[in-house]
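Heads up: take any position in the sequence shown, counting from 1, add 113, and you land on the working numbering.
Even glycine gets a Cβ: it sits at the ideal position worked out from N, Cα and C.
Below is one structure, written out as structure tokens, with a few remarks after it.
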Amino acid sequence: MPFKAINYTLEDKIATITLNRPDNLNALDAEMRREVMEALIQAREDARVIALTGTGRGFCAGQDLGDLSAPDKVNLERLLGEEYHPVIMAIAECPIPVISAVNGVAAGAGANLALAADVVIAKRSAVFLEAFARIGLMPDAGGTYWLPRLVGRARAMGMSLFADSIPADTAAEWGLIWEVVEDELFEDRTRELARRLADGPTLAYRATKKALQAGWTNDFADQLALEAQMQSELSRSRDFIEGVHAFLSKRKADFEGR
Ligand code: LHQ
């Protein structure tokens, strides 16, 4: 598929989407949003895991501000609803795991794009900033949803109001992200985690994502019922039978995602 603003590669069931406008820290323009969406749809068919990363020293600097020369004339509700939300939802509801491999600064909608993924890892030199207040806006693209859930109200509020850069180490300490990786080991570690997920029990991962998401709003009894129902479905999968047999035979399971 010919992409311009991103690169898309598929290697042994690992799809990698690389934001590729390094001169402006991979800021999101309309073309990039469209291409990321197309690549996510493609990857869901092709792969068992998706890695999202960026070229150069940035992961993503959020909205391309160069496209907002008359900011007050832009219909932001339409822009967000039609061009950002489908991408964010496609990541959050993706049936296969999505890893954000944050290779550098992640700002504004770029930070929140990263946070929509299931696993977020970052180079030690990377930073996260809810840059919105710097330009007179509030967090969008899912920020007001994820931030308090991930780091609690105090830190969510601080990140949003002060709009300071949060180093990757602090982000991990706060629970904003899963892991910090030394810069020189970053690509290898991304591949290693992607490999593990691609070899993992795809159906169980899909159910885990759904159940964890439902848990934000369900009460405890409903959540227990949901777990029992989904677990019962998984118990009829080939992967469950294989997992138990592999354990009893002391060998690595060969999960097929069925
Ligand atoms: C950029 C950008 C950028 C264009 C760096 N655009 N060129 C959604 C819907 C609609 C409207 C509004 O909002 C949203 C959601 C949002 O995402 S709003 C938030 C938008 N993002 C920002 O406000 C972040 C803007 N960028 C920055 O604050 C800095 O660039 C950060 C802190 C990310 C990095 O700082 P530095 O490491 O010092 O790099 P730099 O500022 O020198 O940037 C490098 C180049 O990238 C530079 O271009 P140049 O030609 O001078 O080398 C920047 O102009 C360009 N760039 N972000 N969002």
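Rounded straight-line distance, which links the Cα of residue j to that of residue i
| i | j | result |
| --- | --- | --- |
| residue 241 | residue 218 | 6 Å |
| residue 339 | residue 177 | 41 Å |
| residue 282 | residue 295 | 11 Å |
| residue 244 | residue 301 | 29 Å |
| residue 121 | residue 159 | 11 Å |
| residue 192 | residue 354 | 46 Å |
| residue 349 | residue 358 | 14 Å |
| residue 200 | residue 129 | 15 Å |
| residue 364 | residue 126 | 22 Å |
| residue 374 | residue 225 | The structure shown does not extend to residue 374, since the chain spans only 114 to 371, so no value can be given for it. |
| residue 266 | residue 276 | 15 Å |
| residue 117 | residue 298 | 27 Å |
| residue 211 | residue 362 | 31 Å |
| residue 196 | residue 360 | 45 Å |
| residue 143 | residue 278 | 26 Å |
Under 8 Å between C-beta atoms of residue i and residue j
| i | j | result |
| --- | --- | --- |
| residue 171 | residue 131 | no |
| residue 145 | residue 134 | yes |
| residue 230 | residue 213 | yes |
| residue 351 | residue 319 | no |
| residue 289 | residue 246 | no |
| residue 153 | residue 204 | yes |
| residue 161 | residue 234 | no |
| residue 356 | residue 366 | yes |
| residue 215 | residue 186 | no |
Residue i: CB within 7 Å of a non-hydrogen atom of the ligand LHQ
| i | result |
| --- | --- |
| residue 336 | no |
| residue 179 | yes |
| residue 191 | no |
| residue 253 | yes |
| residue 250 | yes |
| residue 242 | yes |
| residue 205 | no |
| residue 215 | no |
| residue 138 | yes |
| residue 247 | yes |
| residue 156 | no |
| residue 359 | no |
Integer-rounded CB distance, given that residue j should sit under 8 Å from residue i
| i | j | result |
| --- | --- | --- |
| residue 222 | residue 253 | 6 Å |
| residue 227 | residue 175 | 11 Å between Cβ atoms; not a contact. |
| residue 316 | residue 347 | 6 Å |
| residue 268 | residue 291 | So it is not a contact: roughly 17 Å between Cβ atoms. |
| residue 164 | residue 307 | 5 Å |
| residue 368 | residue 313 | 6 Å |
| residue 272 | residue 260 | 6 Å |
Endpoints, beta strand (DSSP E) assigned at residue i
| i | result |
| --- | --- |
| residue 211 | 211 to 215 |
| residue 292 | 292 to 294 |
| residue 121 | 119 to 124 |
| residue 187 | Here residue 187 belongs to no beta strand (DSSP E), and DSSP marks it neither H nor E. |
| residue 167 | 162 to 167 |
Endpoints, alpha helix (DSSP H) assigned at residue i
| i | result |
| --- | --- |
| residue 318 | 315 to 327 |
| residue 267 | 266 to 275 |
| residue 299 | 299 to 311 |
| residue 330 | Looking at the DSSP string, residue 330 is not in any alpha helix (DSSP H), and its letter there is neither H nor E. |
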